[in-house]
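>
There are 2 protein chains.
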Amino acid sequence: MNYPIGTAAGRFTGDPRKKNTRILKKKTEFGNRGMSFEEDINQTNQYYLAKSIAVIHKKPTPIQVVSVDYPKRSAAVITEAYYKEASTTDYNGVYQGRYIDFEAKETKNTTSFPLRNFHQHQIDHMKQCLSQNGVVFVLLWFSSLKRCFLLPAEDVIDCWDKHLQNSRKSIPLTLIESAGYEISLGIAPRIPYLAVLDEHML
Amino acid sequence: MNYPIGTAAGRFTGDPRKKNTRILKKKTEFGNRGMSFEEDINQTNQYYLAKSIAVIHKKPTPIQVVSVDYPKRSAAVITEAYYKEASTTDYNGVYQGRYIDFEAKETKNTTSFPLRNFHQHQIDHMKQCLSQNGVVFVLLWFSSLKRCFLLPAEDVIDCWDKHLQNSRKSIPLTLIESAGYEISLGIAPRIPYLAVLDEHML
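Chain order of the listed sequences is U and R.
Per our numbering, residue 42 is the first one in the first sequence, and the count goes up by one each step.
Per our numbering, residue 42 is the first one in the second sequence, and the count goes up by one each step.
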């Protein structure tokens, strides 16, 4: 797939005639550090890659492209496109030969993690990867508490299946504390989740 | 990441005032069957998924979104976006606990596979995955010959490194025949590449 590569650097082209047009900005929600949880995970993965520790990437957001302009002497411009539903989780890769797969989610709640943050296709994908012997988990960020947990996919799936039976709409923090592993945030890497795998899951 | 999900089904909205606007169509290049090589790989991966044999997906094309409209009561419309360069290969996933990673390429040539089909970032990614003990390869489709090969990443990298020294601009078919494995095309799955891994690489 060879596309002309465009760059959006420095472009802020909101058309004042159009209402409801938003120029996308980065979130600044992660603790007091002006960073988002997603950016911290990406920085962590870049660290692991640079140090030859693991090769783990975030998958691009799936987008259905409908119409593309090809201006002369400049990069192709997508002029009509739509967000599509993903069929997998957001992150995967390889660590010491093992297949790694995870989803990252955050909440402002302080006592439980709402299951509405998850989608059926993500649960299905986690089940499929587990059945192929992948190492599958979620990273949960409680932004108000500033606490980060790794919870094995088995526990997420278990809560989800109970959720479907309407007995539970969220994962209690107490369950996450007992079944999961708290990750002490660092500087490099910021979210050292592979250390948890080394100690508890591999 | 929760986006409103849009659908592009049935939309053909090329603006006649705009020149050089193309509505994207599917390719019909793969043999005489009205299918593209990519579609056949996707069908193969769907087969493996449905049969619980492996979980392997194509990664979405990375796109930098600049501007989005949010019309009332309908899905978000991306109105300005650009193709970005990928940092990985196109396909990855898990098969019996092993990390699988590959790129798919096609040529009309009949005696060699041009190395200009590959990019430095793909070679770098293959090297990184190999160093993590991943199972890494390319699927090569010679459309004029209607022959498909699996070539281990080591051989691609070896040719690429020679290419950088200017002694070789393509991978000779004879080398692919001896170092790689020809895949007999089927119906379900159409491109049974996991059988090659079972027999030769795992």
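Built from N, CA and C at the ideal position, the CB exists for glycine as well.
1. What is the DSSP secondary structure of residue 98/U, counted as helix, strand or coil?
2. Along the chain, where does the beta strand (DSSP E) containing residue 126/R start, and where does it finish?
3. Which of helix, strand or coil does DSSP assign to residue 173/R?
4. Buried or exposed for residue 103/U, going by 16 or more other Cβ atoms inside 10 Å?
5. Taking only three categories from DSSP, how would you classify residue 75/R?
6. Residues of the stretch 105-128 of chain R with a CB closer than 9 angstroms to any CB of chain U: list them in chain order, please.
7. With 9 angstroms as the threshold, decide whether the Cβ of residue 136/R is near any Cβ in chain U.
8. So does the stretch 84-93 of chain U actually touch the stretch 107-118 of chain U, counting three or more Cβ pairs closer than 8 angstroms?
9. Taking residue 82/R and residue 156/R to be in contact with their CB atoms under 8 angstroms, please state how far apart those CB atoms are, rounded to whole angstroms.
10. So residue 140/U contacts chain R; which residues on that side make the cut at Cβ distance below 9 angstroms?
11. Starting from residue 223/R, follow the beta strand (DSSP E) in both directions and report where the run begins and ends.
12. Would you check if the distance between the CB atom of residue 154/R and the CB atom of residue 214/R is smaller than 9 angstroms?
13. Between which two residues does the alpha helix (DSSP H) holding residue 236/R run?
14. Report buried or exposed for residue 114/R, applying the criterion of at least 16 other Cβ atoms within 10 angstroms of its Cβ.
15. Residue range of the alpha helix (DSSP H) that residue 205/R falls in?
16. Quick check: residue 140/U and residue 96/U, are their CB atoms within less than 9 angstroms of each other?
17. When you compare only the Cα positions, how much space is there between residue 42/U and residue 217/R?
18. For the ligand PLP, is there a heavy atom less than 8 angstroms away from the beta-carbon of residue 178/R?
19. Return the residues of the stretch 76-92 of chain U that lie within a Cβ-Cβ distance of less than 9 angstroms from chain R, sorted by chain order.
20. In this structure, does DSSP put residue 219/U in helix, strand or coil?
21. Only counting the same chain, and skipping five residues up and downstream in sequence, which positions put a Cβ closer than 6 angstroms to that of residue 233/R?
22. Would a check of beta-carbon distances place residue 230/R closer than 9 angstroms to chain U?
23. Have a look at residue 148/R and residue 231/U and give me their C-alpha separation to the nearest angstrom.
24. For residue 229/U, which option in 174/U, 118/U, 88/U has the closest C-alpha, if you only look at C-alpha atoms?
25. What are the residues of the stretch 163-196 of chain U that lie near chain R, defined by any Cβ-Cβ distance shorter than 8 angstroms?
26. Alpha carbon to alpha carbon, what distance is there between residue 194/R and residue 163/R?
27. Using a Cβ-Cβ cutoff of less than 6 angstroms, which residues in the same chain neighbour residue 85/R once the five nearest sequence positions on both sides are dropped?
28. Go to residue 145/U, then tell me how far its beta strand (DSSP E) extends in each direction, as first and last residue.
29. Distance, Cα to Cα, residue 244/R vs residue 101/U?
30. If you measure beta-carbon to beta-carbon, which residues of the stretch 202-227 of chain R are closer than 8 angstroms to chain C?
Considering the structure as presented:
1. strand
2. Run containing residue 126/R: none; DSSP gives neither H nor E here.
3. coil
4. buried
5. Low per-residue confidence applies at residue 75/R: pLDDT is 48, beneath 50, and the placement is therefore not dependable, though the value from the model is reported in the following sentence. Residue state, collapsed to three classes: coil.
6. 105, 106, 107, 108, 109, 110, 111, 112, 113, 116, 117, 118, 119, 120, 121, 122, 123, 124, 125, 126, 127, 128
7. yes
8. no
9. That pair is no contact at about 21 angstroms.
10. 96, 133, 134, 135, 136, 138, 139, 140, 141, 175
11. 222-224
12. yes
13. 234-237
14. exposed
15. 194-205
16. no
17. Note that residue 42/U scores 40 on pLDDT, short of 50, meaning its location in the model is unreliable and no value can be drawn from it.
18. Questions concerning the ligand PLP fall outside what the structure shown contains, since it holds no ligand whatsoever.
19. 79, 90
20. helix
21. 227
22. no
23. 43 angstroms
24. 88/U
25. 166, 169, 170, 172, 173, 174, 175
26. 10 angstroms
27. 230, 231, 232
28. 139-148
29. Only positions 42 to 243 of chain R appear in the structure, and residue 244/R is not among them; the question remains open.
30. No chain C appears in this structure, whose protein chains are U and R.
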